[in-house]
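Chemist: Just so you know, the sequence shown maps onto residues 196 to 306 in the numbering used here.
Where is the CB? At the ideal position from N, CA and C, for every residue including glycine.
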Amino acid sequence: MSKIWLEELPDWIDPIVWEQYQIHRKTIKKPMSDYGEYLCIIKLKKAKEQGHDPNELINTTIEKGWQGIVIPDKPAGQNELAKHRGQWLNPDHQMLKALEELKGGKNVKLN
């Protein structure tokens, strides 16, 4: 007896993108079972809840020639925030900023 794991694709996954992922998997000789597809969609749902675009993740997987879908470690948007926030915590960045100000004739205090 065969179990149907997924009756229809969620509306947040582009059917064309999903079809291309299925073709990609067959091309790399790693076709998915119905249950494998179900597990991928569960994984994509969790990624979507973290703010990632599931279709973009699928396309990246195809583009890179990967077998499975890779979900970034950090929630979407966190990298950009960390880049801006982390600069003032980075001693190298602080030193460069102070040197620029010193060269510009400003009185610079280093802690």
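Beta-carbon within less than 7 angstroms of Pro210's beta-carbon, same chain only, minus the 5 sequence neighbours each way: which residues are those?
Modeler: If we look at Pro210 and ignore the five residues flanking it on each side, its Cβ neighbours are Leu204.
Chemist: Among the residues of its own chain, which have a CB less than 6 angstroms from the CB of Pro226, if the five just before and after it don't count?
Modeler: Counting only Cβ-Cβ distances below 6 angstroms, and skipping sequence neighbours, we find Arg220.
Chemist: Under 7 angstroms Cβ to Cβ from Gln249, same chain only, skipping five residues before and after it: list those, please.
Modeler: Checking the displayed sequence, the identity of residue 249 turns out to be Pro instead of Gln. Only Trp207, Ile208, Leu239, Ala242, Lys243 meet the Cβ criterion.
Chemist: May I have a chain-ordered list of the alpha helix (DSSP H) segments no shorter than 4 residues that lie completely inside the region 200-259?
Modeler: Fully enclosed alpha helix (DSSP H) runs of 4 or longer: 210-222, 229-244, 249-259.
Chemist: Spatial neighbours of Gln215 within its chain, please: CB distance less than 7 angstroms, with the 5 preceding and 5 following residues excluded, ordered by chain position.
Modeler: Closer than 7 angstroms at the Cβ level, and outside the excluded window around Gln215, lie Ile257.
Chemist: Taking a contact to mean a Cβ-Cβ separation below 8 angstroms, would you say Ile253 touches Val212 in this structure?
Modeler: Taking 8 angstroms as the Cβ cut-off, Ile253 and Val212 qualify as a contacting pair.
Chemist: What three-state label does DSSP hand Met196 in the structure shown?
Modeler: Caution applies to Met196, whose pLDDT of 36 falls short of 50 and renders its modelled position unreliable; the value that the coordinates give is listed next. The answer is coil: DSSP assigns Met196 none of H, G, I, E or B.
Chemist: Is Asp268 helix, strand or coil by DSSP?
Modeler: Here Asp268 sits in coil by DSSP.
Chemist: Name the residue from Gly246, Lys269, Gln217 whose alpha carbon lies nearest to the alpha carbon of Glu232.
Modeler: Minimum Cα distance to Glu232 is reached at Gln217.
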